[in-house]
Each structure stands twice: as C-alpha cells, then as structure tokens.
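One structure is given below, encoded as structure tokens.
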Amino acid sequence: MAHIHLEDGAFTIFWVGVWTLIAVLLLVFPLLKLGGRNIPTRKLAIASMCVAVGFAIFQVEIPVFGGIHINLTPFIGILVGPSLGSLVVLVINVFSAAIGHGGWGMIGANTIVNLVEVFLGYYIYRAMRTGVKTGRFTAGFGAAFIALAVSAFIVVGIVTASEIQDSTQTRDETFRNMLVLAAANLVAAVMEGVVTGYIVSFIGKIRPDLLADSERTEKDKAASRAKEGTPNV
Amino acid sequence: MSRRSYSKHIPDFRLVTHFAEAGQSLLHRVNPWTKMALLGLVVAFVIVLMDLYLIAILYVATIAFYALGRLPLRLLVGWYSMPVLFVVTISVLFMFTEPGRELASTYLLGQRVAITDNGVLLLVKLLLRALAVVTFSLAVFMTTKYSHLSQIASRVLPQSLANVFLLSYRFTFETTDEMSDVIDAIHARNGNLVRGASRQTRLFAGIFGLAFVHAFERAERIAKAMEARGFTGSFPTGETLSRPGVGGYIVVALTSLALAAVAYSRYVEELFAWW
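If you read the protein sequences in the order shown, they are chains A and B. Residues in the first sequence are numbered from 12 upward in steps of one, following the working numbering. Residues in the second sequence are numbered from 19 upward in steps of one, following the working numbering.
Here it is as structure tokens:
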C-alpha cells in the first residue's frame, strides 16, 4: 500500500472534528474554482470516471514484490488537475469508507492526506516538465514519489498531533513510532512512483493531449486562452 | 453478480449491489434512513467507548446485525484484510513501546524488544472498533437499494458532490468489467508468464493507462449525451423514500440515549472530576 487509511476509533471526537473542519476548508477553494453548485457537465463526468477507474485500479494487485495495491492519487492530480482531483479523492474516500477502507469519521483526515498527494503530484509534475524540462517518466516518478513521501509524513503529523486513543504514550513517543511507518511508506512510494512514471509515459505516447494541462505554464495557458478568445476562468 | 472478482480482500461492488437489490431479509425492509442513522451512531460509539468489554459487545452486535441481513459471513472475513492491515500498520509499534507488563521479549539487532499487555490491549481495541464500523457499514450498503442510496445522497450531500457520487457508482461497474476483460485477455495471451518486476510493472502501467484514456473518452461521450438529454444539474429519482416508521424512531432514540449515557460517563464526569 502506498498510503494508509486511518480507521474509525483511533482518534478522540475532538480530533475527528478538527481534521474534518480542516478538510472542509481545504475543499471549499477547489469546489468554488470548479463552479460551486454548477460544475460543468464534462468535468462532472470526468471526475466520476476517474473515481470509478481509481477504484477499479485499487482492486488490481500488481504481481511484484509479493503483490502491491496502488491508489494513483498523485497521478489523478497530474491527469485532472488539483481542483477536480480534490473532488475525486473526496468521493473516493466516501466510497472507501463504505467498504471499510478508512473510517467514516476519518474521511476528513484521509482526505487531507490525499489532497496533499493530488496537489503535490500536479504541481511537481508541472514544475519538472516545464521548469526542469525532464522526460515524462522522470517527472511522473518524481511527482508521485515526492507527493507520497510528503503525505507519509503528513500521516505521521496527523497521528502525532491527535494521539491514539487509549495509548499512554507522549507525542514524542508516538512520533518516533510513526516515523518507522513513514520509512516503510517511502519504499511503497518508490513503487507507485515507478508505476506512475510508466503510466504517464504510456499516456504521453497515445493521448498527449490529456497531459497538456499539466505540461504547460500559466503563461502558456493564458496565451492559449487569448488565442482562442475564451475568457480567463 | 460479478463476472470475476479481482481480490478476496476488497468488497466487490457488484456483489454488494446484488445483495442489496435481491435480498429479502428483515434488514432489507428496515427504512434506509434508520440504517444510516444507526451507522452514524455506531461510528460515534466506537469513538466514545473506552472499555474493552463494551467495545467487544458493540462488535458482536454489529456481527448480529450483519447476520440479520442474511449476508455471507465467509466473505466478510476476507474483506476484513485491508482494515486489519491498516490498523496493524498504525498500531503495531505501540505493542512494543506501550508501557505495561511484559508478555514476551526477544533481541532484534542487538536491541531488546518486548510486547506489553497494554500494547496488545491497544491493538485489540483498535481492531474491534474498526471492524465494528466495517461490519455495520457493509451490512447497511448490502441491504439498501441503489435508488434509496441515491435519494439519501441527493438529500445529505451538496448537489455537485452528490452528482459525482452517483455517476461514479454507476461507472464503477463498467470500468471494473473493462479492466477485468483486459486482464483476462492478457492472461489468455500468456501475459501471466511475463517475469521481472520492471516488465510486470510496465505491463500493468499500460493497463491502468489505457483504463484512464478510455475513461476520459467515455466521460466526454457521456457528458455530451447528458447535455443532449437536457441535464440540468440533478438526477431525477424514480421512487420516493418514505420516512422511518415508529419502530425505527424508537430504535434510533434508544441507541442515541445509550450513546448519551456513555458520552456522559466519559466526558462530563471527567470534566467535573476536579470538583
């Protein structure tokens, strides 16, 4: 597993509330950017399809190193961008809670972790493609690995701050325990990074237009909009 | 029913839907609002309860609830794999570092590590809490029809979120079937003989990449079809969802009272303990 879903009962009601509130605040901006209540039908359909595919892929076990499951959240960020990606990971977390992969009360905490993956996946990929000018595989691998590595430490931060219910350990002790988990997650992040790199390379060969948004700078996008005469939305 | 499930560890959405649509148990006849309210209360219970015996009783109660729906217990055991993995991953180190009476010890890389009773207790409590919610949640979704779930989603979620939720639910079946077909085709062409981590990873990356490309193409077609049919931002619902009956209200009220009592004994008494 490239990242861990937190299950119900691990945190106190206070921390469940705190993480839910933070997740809601983080989701307000992408939702407003997408159009609030009036999300365009095309974006609605793309987000829904990405949820469905993300779910289907999660069910497939890749037969390497004894079998791994991947989430592809950084890749979803690369493909659909941070705004739509935020909506996708939220719905994936609701579905996941329904089948027990992450708690209902933990949707907030799990969504924060996934939002970090989506945002970093998109922005790092774009920076590597447009700034550093790397190839697609390198950019995909780098974006997914860094996003998952950071999100692993976000999990450490969330669990350390919240502390596990029933545990008598201090925050320092909890932090040290969780660091071991983060180290293990880094190995999984390398694997998902490689898969993401290959997927991005594959899509780049057969449908490069799908990656166009994450391979252009803001300046290029503005120029393209001006050329087409479309408003800056 | 699913043509072929990929994994014994992950609930198959087709199977879940099959039980929800075809089941005839008492639980299938319970009002969906009542079941959803009880799900919320179970989540609150696992957060508030601290006593191991009470948590164990809650877990047994959720198993009984699941069995009441005449749902397969054997499948449930397989579906526990992932939640158990998540809980163990988070809490396994606490088993060794939690202060308490040592149960067993060994030397690892020259360091002495010992499992403590409080560490084991912590793991057991977290497992029971997580599994109680998983069991109840699956029982609810395996006994509630899609049309009812869609109405609840439309009522409780913001419209755009409800739309994505409902569309995704429908698309899930198609995408899982498609991926299943591609994997079958690869196996039929001796793809399962491919060896080496790099080649295997590249092979599966191609499958996943193709799934996303097809998803984009299908989404664009569906969006055009929706607009052509006058989609106005909300999906029409076929049947109306009735309110819970008196029995439903009584069950929810009694469960809420029990939760209030547990919450009182944990929080309010703690709050006034100094006095």
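C-beta atoms are modelled at their ideal positions from N, C-alpha and C, and glycine is treated no differently. Bear in mind that the values here come from a model prediction, so they are computed numbers and not experimental data.
Whether Val127(A) touches Ile68(A) by CB criterion (8 Å): Mapped onto the first sequence, residue 127(A) falls at position 116. Mapped onto the first sequence, residue 68(A) falls at position 57. Cβ atoms of Val127(A) and Ile68(A): not closer than 8 Å.
Beta-carbon contacts of Arg239(B) that lie in its chain and below 7 Å, excluding the five residues immediately before and after: Counting from one through the second sequence, the residue named residue 239(B) turns up at place 221. Nothing meets the Cβ criterion.
Phe213(A) at chain B interface by Cβ criterion, 8 Å: Looking up residue 213(A) in the first sequence gives position 202. So yes, Phe213(A) belongs to the interface.
Whole-angstrom distance between Ile81(A) and Thr15(B), CA atom to CA atom: Limits of chain B in this structure are 19 at one end and 293 at the other, which puts residue 15(B) out of reach.
Buried versus exposed, by CB contacts within 10 Å (16 or more), His205(B): Indexing the second sequence from 1 puts residue 205(B) at position 187. His205(B) comes out exposed.
Beta-carbon neighbours of Ile175(A), restricted to chain B and to distances below 8 Å: Against the first sequence, residue 175(A) aligns to sequence position 164. Result: Ile108, Ser109, Phe112, Leu140 and Leu144.
Proximity winner among Val105(B), Val131(B), Ala38(B) and Thr52(B), relative to Glu116(B) (alpha-carbon distances): Residue numbering aside, residue 116(B) sits at position 98 when the second sequence is read from its first letter. Ranking the options by Cα distance to Glu116(B), first place goes to Val131(B).
Cβ contact (3+ pairs, closer than 8 Å) linking the region 205 to 215 of chain A and the region 145 to 163 of chain A: They touch, by the three-pair rule.
Reduced DSSP category for Arg130(B) - H, G, I as helix; E, B as strand; rest coil: Working through the second sequence from its first residue, we reach residue 130(B) at position 112. Three-state DSSP puts Arg130(B) in a strand.
Arg218(A): contacting residues in chain B (beta-carbon distance under 7 Å): The residue given as residue 218(A) occupies position 207 in the first sequence. Listed by position along chain B, the residues whose Cβ is nearer than 7 Å to that of Arg218(A) are Val231.
Whether Leu141(B) touches Ser99(B) by CB criterion (8 Å): Here residue 141(B) refers to the residue found at position 123 when the second sequence is read from its first residue. Here residue 99(B) refers to the residue found at position 81 when the second sequence is read from its first residue. No, the Cβ-Cβ distance between Leu141(B) and Ser99(B) is not below 8 Å.
Cβ distance (whole Å) where Leu38(A) is taken to contact Ser94(A) below 8 Å: The sequence position of residue 38(A) within the first sequence is 27, counting from 1. The sequence position of residue 94(A) within the first sequence is 83, counting from 1. In fact, because the Cβ distance is near 10 Å, the residues do not count as touching under 8 Å.
Exposed unless 16 or more other CB atoms sit within 10 angstroms - verdict on Leu126(B): Locating residue 126(B) in the second sequence gives position 108, counting from the first residue. Exposed: under 16 other Cβ atoms inside 10 Å.
Near-chain A residues of the region 235 to 259 of chain B - C-beta to any C-beta below 7 Å: Arg236, Ala237, Glu238, Ile240, Ala241, Met244, Glu245, Phe249 and Gly251
Alpha-carbon spacing of Val205(A) relative to Ile123(A), whole angstroms: Here the question's residue 205(A) lines up with position 194 in the first sequence. Here the question's residue 123(A) lines up with position 112 in the first sequence. The C-alpha of Val205(A) lies about 24 Å from the C-alpha of Ile123(A).
Beta-carbon proximity of Asp220(A) to Val64(B), cut-off 8 Å: Counting from one through the first sequence, the residue named residue 220(A) turns up at place 209. Counting from one through the second sequence, the residue named residue 64(B) turns up at place 46. Against a cut-off of 8 Å, the Cβ pair of Val64(B) and Asp220(A) comes out as no contact.
CB contact below 8 Å: Phe37(B) versus chain A: For the purposes of this step, residue 37(B) is taken as residue 19 along the second sequence, with counting starting at 1. Judged by the 8 Å Cβ criterion, Phe37(B) is not in contact with chain A.
Contact set for Leu146(B): own chain, Cβ-Cβ below 7 Å, skip 5 residues either direction: Translated into positions along the second sequence, residue 146(B) becomes position 128. Counting only Cβ-Cβ distances below 7 Å, and skipping sequence neighbours, we find Ile73, Ala74 and Tyr77.
Interface partners of Thr31(A) on chain B, CB under 9 Å: As a first step, residue 31(A) is located in the first sequence; it is residue number 20 there, counting from the start. The premise fails here: Thr31(A) is roughly 12 Å from chain B at the closest Cβ pair, so nothing lies under 9 Å.
Gly88(A) at chain B interface by Cβ criterion, 8 Å: Position 77 of the first sequence, counted from the start, is the residue given in the question as residue 88(A). Put simply, the CB of Gly88(A) is far from chain B, with every gap to its CB atoms at 8 Å or more.
Inter-residue Cα distance where the pair is Phe234(B) and Thr190(B): Counting from 1 along the second sequence, the entry for residue 234(B) is found at position 216. Counting from 1 along the second sequence, the entry for residue 190(B) is found at position 172. Going by the C-alpha atoms only, they are around 14 Å apart.
Residues of the region 90 to 102 of chain B whose Cβ lies closer than 7 Å to any Cβ of chain A, in chain order: Trp97, Met100 and Pro101
Three-way DSSP call (helix, strand, coil) for Asn243(A) in this model: Your numbering for residue 243(A) matches position 232 in the first sequence. With a pLDDT of 43 at Asn243(A), under the threshold of 50, the predicted position of this residue should be treated as unreliable, though the coordinate-derived value follows. It is coil, neither helix nor strand.
Beta-carbon neighbours of Val201(A), restricted to chain B and to distances below 9 Å: In the first sequence, residue 201(A) corresponds to position 190, counting from 1. Those within 9 Å of Val201(A) in chain B number zero; the least Cβ separation is about 11 Å.
Any chain A beta carbon closer than 8 Å to Gly227(B): Reading the second sequence from its first residue, position 209 is the one you call residue 227(B). So, interface residue.
Three-way DSSP call (helix, strand, coil) for Tyr125(B) in this model: Walking along the second sequence from the start, residue 125(B) turns up at place 107. Three-state DSSP puts Tyr125(B) in a strand.
Interface residues of chain A facing Thr193(B) [CB-CB closer than 7 Å]: Numbered from 1 along the second sequence, position 175 holds the residue referred to as residue 193(B). Ala63, Val64 and Ala67, listed in chain order.
Under 9 Å from the C-beta of Thr5(A): neighbouring residues of chain B: Nothing can be reported for residue 5(A), as the shown portion of chain A is limited to 12 through 244.
From Arg137(A), Val64(A), Leu101(A) and Ala233(A), residue whose alpha carbon lies closest to that of Ser198(B): As a position in the second sequence, residue 198(B) is number 180, starting the count at 1. Nearest to Ser198(B) by alpha-carbon distance, out of Arg137(A), Val64(A), Leu101(A) and Ala233(A), is Val64(A).
Exposure of Ala271(B), with buried meaning 16 or more beta-carbon neighbours within 10 Å: In the second sequence, counting from the first residue as 1, residue 271(B) sits at position 253. That one is exposed.
Under 9 Å (Cβ pairs) to chain B, residues found in the region 125 to 144 of chain A: none
Per-residue contacts from Arg147(A) into chain B (C-beta, under 9 Å): Numbered from 1 along the first sequence, position 136 holds the residue referred to as residue 147(A). Chain B residues near Arg147(A): none, gap ~11 Å exceeds 9 Å.
Unbroken alpha helix (DSSP H) run spanning Leu91(B), endpoints: The sequence position of residue 91(B) within the second sequence is 73, counting from 1. It spans Leu91 to Trp97 - the alpha helix (DSSP H) in which Leu91(B) sits, taken as one unbroken run.
Any chain A beta carbon closer than 8 Å to Arg21(B): The residue you call residue 21(B) lines up with position 3 of the second sequence. The pLDDT assigned to Arg21(B) is 49, lower than 50, so where the model puts this residue is not dependable; a value taken from the coordinates is nonetheless given after this. Not closer than 8 Å to any Cβ of chain A, the Cβ of Arg21(B) fails to qualify, so no.
Same chain, Cβ closer than 7 Å to Glu257(B), neighbours up to 5 away in sequence not counted: As a first step, residue 257(B) is located in the second sequence; it is residue number 239 there, counting from the start. If you ignore the 5 residues before and after Glu257(B), its C-beta comes within less than 7 Å of the C-beta of Ser165, all in its own chain and listed in chain order.
Cβ pair Lys163(B), Glu39(B) closer than 8 Å: On the second sequence, position 145 is the one that residue 163(B) refers to. On the second sequence, position 21 is the one that residue 39(B) refers to. Yes, Cβ-Cβ distance for Lys163(B) and Glu39(B) is below 8 Å.
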